[in-house]
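**Q** Numbering (this note's numbering), first residue to last: 4 to 1190.
Provided herewith is a single structure, encoded as structure tokens, for subsequent inquiry.
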Amino acid sequence: MSTVDPRLLDAARESVNFGSLAPIEPLLTIYGAGAEAGVYTDPNGALIKCRQFGEVLAEQLVRRSGTRFDGSKQIERIQALERAGVLTRAAADALHDIRKIGNEATHSHLFNVRSALRSVEQCWQLGNLLLLALSPDDQKPRSFIAPQPPSPPQVVEAGDQAQLDAINRRLEASQTELTETLTVLDATKTAQAVEAEARLAAEVELANARQREMAVAARLAALEQQLAALQDSGALASREPAKVSAATGSSFSKAFRRRPPLNEVQARRVIDDQLAAAGWVVQDYSDVNPTAGIGVAVREFRLATGYADYLLYVDGKIVGIIEAKREGTALIGVEQQTAKYSAGLQKDDQLAAWRRGEPLPFLYESTGAETRFTNRLDPKPRSREVFTFAKPQTIRSWMQQADERPDAPTFRARLQHVPDLDPKGLRPNQIQAVEGIEKSLADNRPRGLVQMATGAGKTFTAVTSSYRLIRHAGASKILFLVDRNNLGEQAQAEFDNYVPIDDGRRFGDIYNVQRLGGRTVLGSTNVAISTIQRLFLMLQGKDLPDTDVDDDVDGDPIEPDSPVDMVYNPDVPPEAFDLIIVDECHRSIYGRWRAVLDYFDAPIIGLTATPTKQTLGFFDQNLVSEYTYEESVIDGVNVPFDVYRIRTEITEQGATIDAKTVVPVRDRRTRAQRYLELDEDYSYTGNAIGRDVITEDQIRLVLTTFRDRLYTEIFPGRSAVPKTLIFAKTDAHADIIVEQVREVFNEGADFAAKITYKSKGEGNDPKRLLQDFRNSPSLRVAVTVDMIATGTDVRAIECVFFLRSVRSAVYFEQMKGRGSRIIGADDYAALTPDVAKGFTKDRFVIVDAVGVTESPLVDATPMERDPSVSLEKLLQKAGTLTITPDEASSLAVRLAKLASQLDPAESTELAEVSDGVELREIAKQIAAASDTDAVLEAEQRGGKSEVAKQIHDGVAPLSGNPELRKAILDIRRKKDLILDQVNADTLLGTDRVAYGKGTHEPVRSFREYLAEHRDEIAVLQILHGSAPGRPTYAELKALAEQVARVPAIGSIETLWRAYAELGELADPDHKVEVPDLVSILRFELAKDADAESDSKIRPFASEVEDRLAVWLAEQQRRGVEYTDQQQRWLSTIVDVVKTNVAVEITDLDQIPFSDLGGSQRFAADFKITSREAALQLLDELNTELIA
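In structure tokens form, the structure reads like this:
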């Protein structure tokens, strides 16, 4: 880029419209000011400068967003920015207009003046968007000040009058907009007085602006040659986009797309429209008529303490106030002003108040873009953000409720009076969850999360809570969101059939349960059940498909292309529900549907078996109850699992079909098959199997291996195929698998079936097939894609078979959960031909044919950490107190399994020798002592001796009771169950997976550590952007020491090697140092935001060097050049940052900086005259090199 003449920049900085852009890009200021100065004297030249402004601005957007494109033309830049989502439609149109207008044929002078005036304004609008995007702390409304003509334009040609009229209209509109921008509403003054002051201020500012315009024009005219030389030089060179992270680019793009903030006058118009949309009649004080509607909002209502922006009447009674503010105002700081006005009714107006002598109860603060609401009738009233204002009918119902129950006038107040929970019929984990939900709501927490293992009764818990909240807290409507539509039917059945212990009638006979199917929620509905997709359609005013039609097509959830935008729907207003319960909430809250939940003014309770860091963040870290899968196994609520791995060459390495081979090709849509001769070799990887290519022999080999090992290694001693659920990649893949299952097992159609969403279109009712799989002993194998992946109970499933990979840990846990359910002994025997009556399901097996259990994204570690040790040996080691924590964990699982198999006589036999303590309670005690976290805490308290003591206390019921140990063994032998561990090098590479195997274990443990200690790790919060500051070496060192204490990790060197073996390192040979934790944490945060990311962990030192190079390039582009001595300083700073993470001002007098002359020489070399300036430079460098 050519060097910019500093005189040009100094002159252009005085521009009232474009001077503020100089720190961002000097060329924007120069071209903008030049165009502005020439609107009337040289409109053609002004249009050319506008076009150059547009090119420079587009180049800025490309660099700051990281957008890549091929080409060098402006139209290509604009199109690329549109595709990347950086430009709104309006911004793209403005850039196109500016680009094209200068190329059009010459028109009359006044036509060109009008075009130039419009183009200059478009340049200002685009520049203002850039300024706002880069200045998040300065979001004040701004106004374009149209350049004034030096003298009134004259009509000299035919048609000029129309052009002149248009110019004058635009100049008048500009003055009006400036007046509105300068309007600052004052509660002590009338609106007319404020408007008059703003008009006067606008006239003064326009006069000042005119003087500055003339001065700028004169200075630029004197520099005409320099400006022409700058234009002729091609100052805008095509440059590569800056190396910005995906998160940084996305953040900038989102900021640039935001519309400019509203001024106070514009905000009032928006508020008027919002009130009208909600059903309020909006009036001026001079026209006040409280009976004009159910709800009336009166502007500029005179109070004893000033003027209320809006006073609210409902049924002729004064009930509330709205305080309107300029957009960008922090509304929380306005609450006290609103509260003051709420108690400021004049004496005569008190006669119309709903509650005389009391402050008004319903208080709003609003900017038109943000609205907060306070209900002073709540126990501890505090404001909360709402989508818009409540309907008058809603406030009328609130008034009626308050009149009926003055002691508990609101839902939040009634929550304080809910009676204690009767625990009858509830498990301890369900009691904890119900009480936790009610306490969270009573504490006015907006969000709360229930973590409960799959199969532990989440829906039953939600129904119990819903019943109590409707009956005892007066909740009028509860929204229950399910993940998929077919689960809505199950949820409705569970609600309808729930029988509360204090009534005796079915829930469905007491309250109305509705699955959303129309355009509104019925007034009589107490519980509405829906998916997020159906709810969104309803809010959009669209007809919903029949409730029997699923929201998924071909097994894939319907997802919009971008996050949905919400608009107000008066038929389903934000206050429609008192509570929202979201079952398996991940897709709803993190996907593109989040705005649907944010629309409603209701607390949200999430239910999940698999909380992630994002889940906990959305729910404000408010985990109201926690019940893990491991706890559910020990309690006998679920069964444990084993993993059986099958490896094949094609699965892991793919294959190649040679050219000239004739292969069958099937149309995905019609399923019609044809034959194709390959022109060239066709190579595919294992990941393509099932999606792009179906290898029949791979499926056949896997299934044959499964069949041959089923009764010897997977389920020893069994003689019939256990209920097996196979997950396929696609519907076509599922078809081939079903065919191969029947062939390999030599069985008919009643043995194996495909159960997918497409089954209905193929003449098979998937609901009937699912019912058959659940209840028929003959249907042994079901093949699905996604339909049975979540929430569908088939309790007899003992084998979950993966012939597809899974990228989501959450989804894997849901799929895995299909096998974890317990089943009664009689039902189990009826559905399982080779199981004797009285026996129960005590485990399930994950058969992994694709490596899904080896992915670092999933947790497939069996609870039984050492399955190779016999129960007899474990009991012996417990008796001699030589048992290890891992062995104790295995013993707990074995005892829990056995407890689930005991008949009454056997339970009595054990109780006689155990002092009445149940076997399951002993298992729970041992499990609690050997829990990984408990062991770690014990080690931190007192080292290995404390761990040993804890384990000894856990197994005390066994160690001191040899008679009990013998009785357990005798009963166990009667059950005749076999536990067999097969080596990994057996035929075809089958093996059972035990704890600690696989190189991903340290990485998995590290991710668990991050999730558990998220609130304690300051560095993580800083890098995430949720806490201010920069990471320090001391914080990183402390984190490294904490991580090293995690048993599966031991040191950051071990962690680094584990990442290397997973292929996640850009430089596997790099020797890890403490600062590299910054790179690791950045990598994990990026993975959380984008699970599909292909980025790798780079050494921290390499990242620092690259960041310096980017910073220097940016400085050079801005015309800043550094001397050799300054370069030495910068190089030394980088070296220090690589090892110490940051440079402080006190470091400048220490080695190695003292070798360069210390702080005084630093100040001299950089021409710094104050300590503040030095701090500013170091802070900028630290931020650029680290953040």
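Note that CB positions come from ideal geometry on N, CA and C, so glycine has one too.
Here the structure is a predicted model, which is why all the values come from computation and not from measurement.
Report yes or no: do the segment 378–385 and the segment 291–311 share at least 3 C-beta pairs separated by less than 8 Å?
**A** no
**Q** Can you tell which of 408, 399, 887, 456 has the C-alpha that lies nearest to the C-alpha of residue 641?
**A** Here residue 641 refers to the residue found at position 638 of the sequence shown. Checked all of 408, 399, 887, 456; the closest Cα to residue 641 is 456.
**Q** Hey, could you find the ends of the beta strand (DSSP E) residue 453 is sitting in?
**A** The residue given as residue 453 occupies position 450 in the sequence shown. Looking at the DSSP string, the run of the beta strand (DSSP E) that includes residue 453 is 450–455.
**Q** In whole angstroms, what is the alpha-carbon distance linking residue 135 and residue 263?
**A** In the sequence shown, residue 135 corresponds to position 132, counting from 1. In the sequence shown, residue 263 corresponds to position 260, counting from 1. Whole-angstrom Cα-Cα distance: 7 Å.
**Q** Below 8 Å between beta carbons: does that hold for residue 322 and residue 402?
**A** On the sequence shown, position 319 is the one that residue 322 refers to. On the sequence shown, position 399 is the one that residue 402 refers to. It is a contact, given that the beta carbons lie within the stated cut-off.
**Q** Could you check where the beta strand (DSSP E) with residue 644 kicks off and where it finishes?
**A** For the purposes of this step, residue 644 is taken as the residue at position 641 of the sequence shown. Start and end: 644–648.
**Q** Is it right to say residue 13 is buried, meaning 16 or more other beta carbons lie within 10 angstroms of its own, or is it exposed?
**A** As a working note, residue 13 is residue 10 in the sequence shown. Exposed: under 16 other Cβ atoms inside 10 Å.
**Q** Please go through the same chain and pick out, in chain order, the residues whose beta-carbon is closer than 8 Å to the beta-carbon of residue 502, but skip the five residues on each side of it.
**A** To locate residue 502, count along the sequence shown from 1; it is residue 499. So the qualifying residues of the chain are 508, 509, 510.
**Q** Residue 892 and residue 930 look like a contact to me (Cβ under 8 Å); what is the Cβ gap, rounded to whole Å?
**A** Reading the sequence shown from its first residue, position 889 is the one you call residue 892. Reading the sequence shown from its first residue, position 927 is the one you call residue 930. Right, the Cβ-Cβ distance comes to about 7 Å (below 8 Å), so this counts as a contact.
**Q** Just to confirm, are residue 491 and residue 534 a CB contact at a threshold of 8 Å?
**A** On the sequence shown, position 488 is the one that residue 491 refers to. On the sequence shown, position 531 is the one that residue 534 refers to. In this structure, residue 534 lies closer than 8 Å to residue 491 by Cβ.
**Q** Should residue 2 go down as buried or exposed, given a rule of 16 or more other Cβ atoms within 10 Å for buried?
**A** This structure gives no information on residue 2, because the portion of the chain shown stretches from 4 to 1190.
**Q** Going by the DSSP bridge assignment, what does residue 586 pair with across the sheet?
**A** For the purposes of this step, residue 586 is identified with residue 583 of the sequence shown, where counting begins at 1. Per DSSP, 610.
**Q** Which whole runs of the alpha helix (DSSP H) in the segment 430–501 are 4 residues long or more, in chain order?
**A** 431–445, 461–476, 488–500
**Q** Quick check: the Cα distance between residue 437 and residue 420, rounded to an integer number of angstroms?
**A** Your numbering for residue 437 matches position 434 in the sequence shown. Your numbering for residue 420 matches position 417 in the sequence shown. Answer to the nearest angstrom: the Cα atoms are 15 Å apart.
**Q** How is residue 100 classed by DSSP in three states: helix, strand or coil?
**A** Numbered from 1 along the sequence shown, position 97 holds the residue referred to as residue 100. Looking at residue 100 - three-state DSSP - the assignment turns out to be helix.
**Q** Quick one: measure Cβ to Cβ for residue 660 and residue 684, integer angstroms, because I've assumed they're closer than 8 Å.
**A** Taking the sequence shown and counting its residues from 1, the one referred to as residue 660 is at position 657. Taking the sequence shown and counting its residues from 1, the one referred to as residue 684 is at position 681. About 7 Å; that satisfies the 8 Å criterion.
**Q** Give the secondary structure of residue 344 by DSSP, where H, G and I count as helix, E and B as strand, and everything else as coil.
**A** Mapped onto the sequence shown, residue 344 falls at position 341. The answer is helix: DSSP assigns residue 344 an H, G or I state.
**Q** Can you tell me the Cα-Cα spacing of residue 875 and residue 912, whole angstroms?
**A** Within the sequence shown, residue 875 is the residue found at index 872, counting from 1. Within the sequence shown, residue 912 is the residue found at index 909, counting from 1. Each residue's Cα considered, the two are about 19 Å apart.
**Q** Just tell me which of 1180, 698, 1126 has its CA closest to the CA of residue 1151.
**A** Taking the sequence shown and counting its residues from 1, one reaches residue 1151 at position 1148. Cα-wise, what sits closest to residue 1151 is 1180.
**Q** For residue 799, name the three-state secondary structure that DSSP assigns.
**A** Taking the sequence shown and counting its residues from 1, the one referred to as residue 799 is at position 796. Correct three-state label for residue 799: coil.
**Q** Is it the case that the Cβ atoms of residue 1031 and residue 1189 are separated by a distance below 8 Å?
**A** Residue numbering aside, residue 1031 sits at position 1028 when the sequence shown is read from its first letter. Residue numbering aside, residue 1189 sits at position 1186 when the sequence shown is read from its first letter. No, they are not a contact pair.
**Q** Hey, residue 484 and residue 608 are a contact pair by Cβ (cut 8 Å); roughly how many whole angstroms apart?
**A** Locating residue 484 in the sequence shown gives position 481, counting from the first residue. Locating residue 608 in the sequence shown gives position 605, counting from the first residue. The distance from the Cβ of residue 484 to that of residue 608 is about 10 Å, inconsistent with a contact at the 8 Å cut-off.
**Q** How close, in whole Å, do the beta carbons of residue 586 and residue 619 come, if the pair is a contact with beta carbons under 8 Å?
**A** By one-based count along the sequence shown, residue 586 stands at place 583. By one-based count along the sequence shown, residue 619 stands at place 616. Contact doesn't hold; Cβ gap of about 17 Å is too wide.
**Q** Using only the alpha-carbon positions, how far apart do residue 11 and residue 24 sit?
**A** Along the sequence shown, read from residue 1 onward, the residue named residue 11 stands at position 8. Along the sequence shown, read from residue 1 onward, the residue named residue 24 stands at position 21. Approximately 14 Å between the Cα atoms of the pair.
**Q** Considering only C-alpha positions, which residue in the set 26, 36, 93, 526 is nearest to residue 63?
**A** Locating residue 63 in the sequence shown gives position 60, counting from the first residue. Comparing Cα positions, the closest option is 26.
**Q** Which one of 417, 305, 278, 399 has the shortest CA to CA distance from residue 391?
**A** As a working mapping, residue 391 is identified with position 388 in the sequence shown. Looking at the Cα atoms, 278 is the closest of the given residues.
**Q** What residue range is occupied by the uninterrupted beta strand (DSSP E) comprising residue 302?
**A** By one-based count along the sequence shown, residue 302 stands at place 299. Its beta strand (DSSP E) spans residues 298–306.
**Q** Given this structure, state the Cα-to-Cα distance separating residue 357 from residue 338, to the nearest angstrom.
**A** As a working mapping, residue 357 is identified with position 354 in the sequence shown. As a working mapping, residue 338 is identified with position 335 in the sequence shown. Each residue's alpha carbon lies about 21 Å from the other.
**Q** Comparing alpha-carbon positions, which option in 845, 486, 55, 528 lies nearest residue 499?
**A** Numbered from its first residue, the sequence shown carries residue 499 at position 496. Among 845, 486, 55, 528, the Cα nearest to that of residue 499 belongs to 528.
**Q** Locate the alpha helix (DSSP H) running through residue 900, then write down its first and last residues.
**A** Counted from its first residue, the sequence shown places residue 900 at position 897. Per DSSP, residue 900 belongs to the alpha helix (DSSP H) from 888–904.
**Q** In angstroms, rounded to a whole number, what distance separates the CA positions of residue 822 and residue 664?
**A** For this step, residue 822 is matched to residue 819 along the sequence shown. For this step, residue 664 is matched to residue 661 along the sequence shown. Approximately 42 Å between the Cα atoms of the pair.
**Q** Rounded to whole angstroms, what's the CA-CA distance from residue 1100 to residue 1086? Just pull it up for me.
**A** Here residue 1100 refers to the residue found at position 1097 of the sequence shown. Here residue 1086 refers to the residue found at position 1083 of the sequence shown. Going by the C-alpha atoms only, they are around 6 Å apart.
**Q** Please state whether the Cβ-Cβ distance between residue 375 and residue 367 is less than 8 Å.
**A** Taking the first residue of the sequence shown as position 1, residue 375 is located at position 372. Taking the first residue of the sequence shown as position 1, residue 367 is located at position 364. Their beta carbons are under 8 Å apart, which means residue 375 touches residue 367 by this criterion.
**Q** Measure the beta-carbon distance from residue 732 to residue 801 and round it to whole angstroms, keeping in mind my assumption that it falls under 8 Å.
**A** Counted from its first residue, the sequence shown places residue 732 at position 729. Counted from its first residue, the sequence shown places residue 801 at position 798. Actually they are not in contact, since the Cβ atoms of residue 732 and residue 801 sit about 23 Å apart, beyond 8 Å.
**Q** Kindly list the residues whose CB is nearer than 8 Å to the CB of residue 288, restricted to its own chain and excluding five residues on each side of it in sequence; keep chain order.
**A** Counted from its first residue, the sequence shown places residue 288 at position 285. Spatial neighbours of residue 288 in its own chain (CB-CB distance under 8 Å, excluding positions within 5 residues in sequence) are listed in chain order as 301, 302, 303, 304, 305.
**Q** Please report how far the alpha carbon of residue 1172 lies from the alpha carbon of residue 1178, in whole angstroms.
**A** Your numbering for residue 1172 matches position 1169 in the sequence shown. Your numbering for residue 1178 matches position 1175 in the sequence shown. Whole-angstrom Cα-Cα distance: 11 Å.
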